[in-house]
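Novice:
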Amino acid sequence: MIDNIILRLENIKKYFGKVCALDNVTVDIYEGEILGLLGDNGAGKTTLVKIISGVLSPDGGTIYLNKKPVKFNSPVDARKMGIDTVEQNLSLVNIMDISRNFFLAREPFKKIGPIKVLDKRKMDMECRKAVEEVGVRVRSTEDMVSILSGGERQSIAIGRAFHFGCRILLLDEPLAALSIKESRKVHEMIIKMKNSGATIVYITHNVYHVYPIADRFVLLDKGKKLAEAEKEEVTPEEIMETIATGRMR
Ligand SMILES: Nc1ncnc2c1ncn2[C@@H]1O[C@H](COP(=O)(O)OP(=O)(O)OP(=O)(O)O)[C@@H](O)[C@H]1O
Ligand SMILES: [Mg+2]
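Per my numbering, the sequence shown starts with residue 1052, numbered consecutively.
(1) So what's residue 1159 in DSSP terms, helix, strand or just coil?
(2) Run through the DSSP bridge pairs and tell me what residue 1120 is partnered with.
(3) Thinking just about the alpha-carbon of each residue, which of 1150, 1163, 1189 is nearest to the one in residue 1177?
(4) Smallest Cα separation from residue 1117: which of 1260, 1218, 1244, 1267?
(5) Would the beta-carbon of residue 1223 be found less than 7 Å away from any heavy atom of ligand 2?
(6) What beta strand (DSSP E) runs, 3 residues minimum, are completely inside the region 1075 to 1118?
(7) Going along the chain, which unbroken runs of the beta strand (DSSP E) with 3 or more residues stay wholly within the region 1209 to 1273?
(8) Report the CB separation of residue 1076 from residue 1060 in whole angstroms; it is logged as a contact under 8 Å.
(9) Is it a yes or a no for the region 1165 to 1184 touching the region 1243 to 1261, going by three-plus beta-carbon pairs under 8 Å?
(10) Using C-beta distances below 7 Å, list every residue in its chain close to residue 1122, excluding the 5 sequence neighbours before and after it, in chain order.
(11) CB-CB under 6 Å to residue 1193, same chain, minus the five flanking residues each way: which ones, in chain order?
(12) Around the Cβ of residue 1055, are there at least 16 other Cβ atoms within 10 angstroms (buried) or fewer (exposed)?
(13) What I want to know is whether the C-beta of residue 1096 ends up closer than 7 Å to one or more non-hydrogen atoms of ligand 2.
(14) Would you call the region 1087 to 1105 and the region 1254 to 1266 in contact, with 3 or more CB pairs under 8 Å?
(15) From the beta carbon of residue 1261, is the nearest beta carbon of chain D less than 8 Å away?
(16) Quick check: does the Cβ of residue 1137 come within less than 7 Å of any heavy atom belonging to ligand 1?
(17) Could you give the first and the last residue of the continuous alpha helix (DSSP H) run that contains residue 1172?
(18) When you compare each of 1191, 1266, 1171 to residue 1161 by their alpha carbons, which one comes out closest?
(19) Between residue 1197 and residue 1163, is the Cβ-Cβ spacing less than 8 Å?
(20) Leaving out the 5 sequence neighbours to the left and right, which residues in its chain are closer than 7 Å to residue 1064 when beta-carbon positions are compared?
(21) Looking only at C-alpha atoms, which of 1127, 1132, 1126 sits nearest to residue 1120?
(22) Buried or exposed, going by whether 16 or more other CB atoms sit within 10 Å of the CB of residue 1236?
(23) Looking only at its own chain, which residues have a Cβ that is under 6 Å from the Cβ of residue 1066, when we skip the five neighbours before and after it?
(24) For residue 1056, write down the residues that DSSP places opposite it in a beta bridge.
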């Protein structure tokens, strides 16, 4: 396992004014694993995700992708390098329809004479096929995202990452507001992605959400790395206790 670090975050620092959201956090992420990134509210999990996905830039530290230092200036930048994110407050744009969301920043164009126009027919067809492949049923790919359920949105965001061959998928609280049935489906999709060779970083404050499918855990507390462990080394109860008390037993 030592050699196949796909992503390394080294001494990452991030301030919001005087608040230190991340204080020299170093995390290695191994290729093909499902890493559970855990911590209580305000621990810095979303901030770390936003730094990896190019939404925020760090105030210090370095990100290494396949051992090379990288800088992402936007989520589109990160996506080009194979890093996709399903954000905590959902990654889809409400006022656009499903297929527009699916192809966001990756739209296919066709030429009509000298003019380049959006190939909406192709988008609708490909989107429907891809979404059905991951087991999501949509009435119409021209439905606005605003009318979808939480589970449908999550599934489309994950299906999009899967379809475009993302190498590293960051999921920030993917089960927030999902039913048991929807949660199970999202987990099935995550496992499918892992089986296809993707690396998953699964962020949650609830250890019971991620424990069944994770290989390893990293715990954050008040912007610092508190602990890390292989799944065989810890029970969910021990993880919860560590998060609650802010220290290892
Ligand atoms: N845009 C911002 N401006 C100011 N402070 C912020 C901003 N974003 C985050 N913070 C602060 O940084 C700290 C870490 O926040 P972050 O959202 O990363 O936590 P989290 O671990 O994702 O929490 P949760 O489990 O509640 O989602 C918090 O103290 C938060 O108030
Ligand atoms: Mg968060």
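Think of the CB as a built atom: it goes at the ideal place given N, C-alpha and C, for glycine as much as any other residue.
Specialist: Well, looking at it:
(1) Counting from one through the sequence shown, the residue named residue 1159 turns up at place 108. In the three-state DSSP reduction, residue 1159 falls in the coil class, being neither helix nor strand.
(2) The sequence position of residue 1120 within the sequence shown is 69, counting from 1. The partner list for residue 1120 (beta bridge, DSSP) reads 1115.
(3) As a first step, residue 1177 is located in the sequence shown; it is residue number 126 there, counting from the start. Of 1150, 1163, 1189, the residue nearest in Cα terms is 1150.
(4) Within the sequence shown, the letter at position 66 stands for residue 1117. Among 1260, 1218, 1244, 1267, the Cα nearest to that of residue 1117 is on 1218.
(5) Against the sequence shown, residue 1223 aligns to sequence position 172. It does: the Cβ of residue 1223 is within 7 Å (strictly closer) of some heavy atom of ligand 2.
(6) The DSSP assignment places 1085 to 1090, 1111 to 1116 as complete runs of the beta strand (DSSP E) inside the region 1075 to 1118, in order along the chain (cut-off: 3 residues).
(7) As far as the region 1209 to 1273 is concerned, its whole beta strand (DSSP E) runs of at least 3 residues are 1219 to 1223, 1250 to 1255, 1267 to 1272.
(8) The residue you call residue 1076 lines up with position 25 of the sequence shown. The residue you call residue 1060 lines up with position 9 of the sequence shown. At roughly 6 Å, the Cβ-Cβ gap stays under 8 Å, so residue 1076 and residue 1060 are in contact.
(9) By the Cβ criterion, the region 1165 to 1184 is not in contact with the region 1243 to 1261, since fewer than three pairs of Cβ atoms, one from each stretch, lie closer than 8 Å.
(10) The residue given as residue 1122 occupies position 71 in the sequence shown. Excluding sequence neighbours, residue 1122 sits near nothing in its chain.
(11) Within the sequence shown, the letter at position 142 stands for residue 1193. Answer for residue 1193: 1148, listed in chain order.
(12) Position 4 of the sequence shown, counted from the start, is the residue given in the question as residue 1055. Around the beta carbon of residue 1055, a 10 Å sphere encloses fewer than 16 other beta carbons of the protein chains shown; the residue is thus reported as exposed.
(13) Here residue 1096 refers to the residue found at position 45 when the sequence shown is read from its first residue. Between ligand 2 and residue 1096, a heavy atom-to-CB distance of less than 7 Å is present.
(14) Touching, yes, given that three or more Cβ pairs across the two stretches are closer than 8 Å.
(15) Of the protein chains in the structure, only one exists, and it is not chain D.
(16) Here residue 1137 corresponds to residue number 86 of the sequence shown, with the count starting at 1. In terms of side-chain proximity, the C-beta atom of residue 1137 is found no nearer than 7 Å to any non-hydrogen atom of ligand 1.
(17) On the sequence shown, position 121 is the one that residue 1172 refers to. Residue 1172 -> alpha helix (DSSP H) spans 1171 to 1184.
(18) Taking the first residue of the sequence shown as position 1, residue 1161 is located at position 110. Among 1191, 1266, 1171, the Cα nearest to that of residue 1161 belongs to 1171.
(19) If you number the sequence shown from 1, residue 1197 lands on position 146. If you number the sequence shown from 1, residue 1163 lands on position 112. No, the pair does not count as a contact, with Cβ atoms beyond the cut-off.
(20) Locating residue 1064 in the sequence shown gives position 13, where the first residue counts as 1. Cβ within range, chain order: 1073, 1074, 1075, 1109, 1110, 1111, 1112.
(21) By one-based count along the sequence shown, residue 1120 stands at place 69. Nearest option by C-alpha distance: 1132.
(22) Here residue 1236 refers to the residue found at position 185 when the sequence shown is read from its first residue. Under this definition residue 1236 is a buried residue.
(23) Position 15 of the sequence shown, counted from the start, is the residue given in the question as residue 1066. Cβ neighbours of residue 1066 beyond the five flanking positions: 1110.
(24) Taking the first residue of the sequence shown as position 1, residue 1056 is located at position 5. Under DSSP, the beta-bridge partners assigned to residue 1056 are 1081.
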